[in-house]
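Protein chains in written order, with the UniProt record's numbering: chain W, 1 to 281; chain L, 1 to 281. Where a beta carbon is used, it is the ideal one built from N, C-alpha and C, also for glycine. Encoded as structure tokens, the structure appears first; notes follow it.
This is the structure:
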């Protein structure tokens, strides 16, 4: 049983991880080793105290140096589900189950909108994880929505299983496989009674599929952690960064505006201190 | 009428100032140019994201560079009183009155305990500001409590006015004046019916005085801003760093634990964004 699991490698997750490490807690830190795409894209940051003017790329380099110096390790798995099981949590990451006493959600803000019907058909033909659910679609026809190149290995994995893949990347993709068709006409809705039957595209056209994988940078928090209190799309926390679920804390953009690195780092720090207090009780 | 006044030059105040500057607000930033004594004394900081390991002194140097690069100006005056006047605030700093639409309190945490009777006799023989109240004690006998060398110019100013000064520094002082007696037996209580008559020392001895000046790094927030909601000694804020007074925000150690630079900087950032929103309304 872990002391804590941190989900997310942006400034909030990093700040939380640094503090849990100081307190020698036994934790796993999930997220991309590329850290934050948002920071990477920032041309010039002038309001992170201590760096008069720094590019996002250079700030990430500083973060990487800090991660190395602190001896932190990032586990590059996608967390697709969290279950609250009494006084602990079960976390599903790339089909492996982890048990933890506490959680820090630092998942960032999901800029992508959900598809119509996506939430309703989740687990019934809609999946967020290729390694978890891929085998259910052997020999079948699937759609795959993907918003970051780092998920393309999952697309290739799915293509090896499925008979046919309609692929909807939001970027320029270089995947070349016989059974993969790259489509520009993006999905708008997932349709089906009990189970996914079709997807409807932006053009209005519908296509029959057996399932759809949505591979995105972030999963909507309410989808990730059932029972979590959400308001206006953000995780509700108090000043100690506690959510409505005992032992579950949140930090960074996922808790609301302003979307600022300094705010995120500060909240990650507070969340880690709250975890330490919670574990001591 | 100013857009904002920031009180305090620690990480919270700095972070707030950087953001108000970005938004081109008209503000005054009060505090010591030496910034934070607490940061200065930190031997090694390892959890401020972006600096794998940095001494407090070096972090302050980075802060000073940032202040210079951003073109920020610190007004080195002691704020002794804030009055809420309908939809604006009057701020008294070294006997000068400033008017402002909003306030950010980043005053740090007061580690010194108040003397017994201090709060009750404030304004009736107890003063926090030599330049404000010094002239009231011309030719009289006063006690001066001082917890930072940076206030010693105020002690000298008082010695030029008073007939006799019982001086209680919490550090090694080099003041040499005929009418100044440096005492090791520290004050414990301020006594008097209507007005200060005596101070009682730790040894139990009492001494007659006409008044006492308490020159400390921080003034208790409730004393500084009458009407401000306080709980357990901390300013109560919501997640947007708003206090119970409209247009008055707080950030950093004065809002509660954990006492962390990252938390303080994050809260200063949020407070500044809240001020910008408030002014836009």
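Since residue i meets chain W, which of its residues come closer than 7 Å, beta carbon to beta carbon?
i: residue 63 (chain L); result: 49, 50
Taking 6 Å as the limit between beta carbons, can you name the residues of its chain near residue i, skipping five residues before and five after?
i: residue 110 (chain W); result: 218, 220
i: residue 271 (chain L); result: 16, 104, 241, 249, 251
i: residue 216 (chain W); result: 112, 147
i: residue 153 (chain L); result: none
i: residue 256 (chain W); result: 234
i: residue 139 (chain W); result: 163
i: residue 26 (chain L); result: 2, 3
i: residue 262 (chain L); result: 48
i: residue 127 (chain L); result: 133, 213
i: residue 54 (chain W); result: 45
Can you list the residues of chain W that residue i reaches, using a CB-CB cut of under 8 Å?
i: residue 70 (chain L); result: 46, 52
i: residue 14 (chain L); result: 49
i: residue 66 (chain L); result: 49, 50, 51, 52
Tell me, which residues are paired with residue i by DSSP?
i: residue 211 (chain L); result: L:142
i: residue 28 (chain L); result: L:5
i: residue 82 (chain L); result: L:91
i: residue 116 (chain W); result: W:189
i: residue 169 (chain L); result: L:146
i: residue 127 (chain W); result: W:213
i: residue 248 (chain W); result: W:103
i: residue 240 (chain L); result: BP columns for residue 240 (chain L) are empty, so no partner.
i: residue 235 (chain L); result: L:230
i: residue 200 (chain L); result: L:189, L:206
i: residue 180 (chain L); result: L:165
i: residue 96 (chain L); result: L:93
Under 8 Å Cβ to Cβ from residue i, same chain only, skipping five residues before and after it: list those, please.
i: residue 260 (chain W); result: 47
i: residue 63 (chain L); result: 11, 14, 35, 39
i: residue 157 (chain L); result: 130, 131, 134
i: residue 93 (chain L); result: 30, 75, 77, 78, 79, 80
i: residue 52 (chain W); result: 46
i: residue 121 (chain L); result: 190, 192, 195, 196
i: residue 37 (chain L); result: 148, 217
i: residue 102 (chain W); result: 3, 4, 5, 89, 247, 248, 249, 275, 278, 279
i: residue 84 (chain L); result: 225, 226, 227, 245, 248
Does any residue of chain W bring its CB to less than 8 Å from the CB of residue i?
i: residue 59 (chain L); result: yes
i: residue 216 (chain L); result: no
What does residue i touch in chain L if you count any residue whose Cβ is under 8 Å from its own?
i: residue 269 (chain W); result: 47, 258, 260, 262, 263, 266
i: residue 11 (chain W); result: 49
For residue i, decide whether its Cβ has a neighbour in chain L, counting only Cβ atoms nearer than 8 Å.
i: residue 239 (chain W); result: yes
i: residue 273 (chain W); result: yes
So, for residue i: in the same chain, excluding its five sequence neighbours on each side, which residues have a beta-carbon less than 7 Å away from its beta-carbon?
i: residue 243 (chain L); result: 228, 229, 235, 236, 237, 249, 250
i: residue 114 (chain W); result: 220
i: residue 70 (chain L); result: 18, 21
i: residue 142 (chain W); result: 158, 162, 165, 209, 210, 211, 212, 213
i: residue 205 (chain W); result: 185
i: residue 288 (chain L); result: Residue 288 (chain L) is absent from the structure shown; chain L starts at 1 and stops at 281.
i: residue 188 (chain L); result: 115, 116, 200, 201, 202
Inset, instruction - Mind checking the stretch 17-31 of chain W against chain L and listing, in chain order, the residues whose C-beta falls within less than 7 Å of any C-beta there? - result: 18, 19, 22
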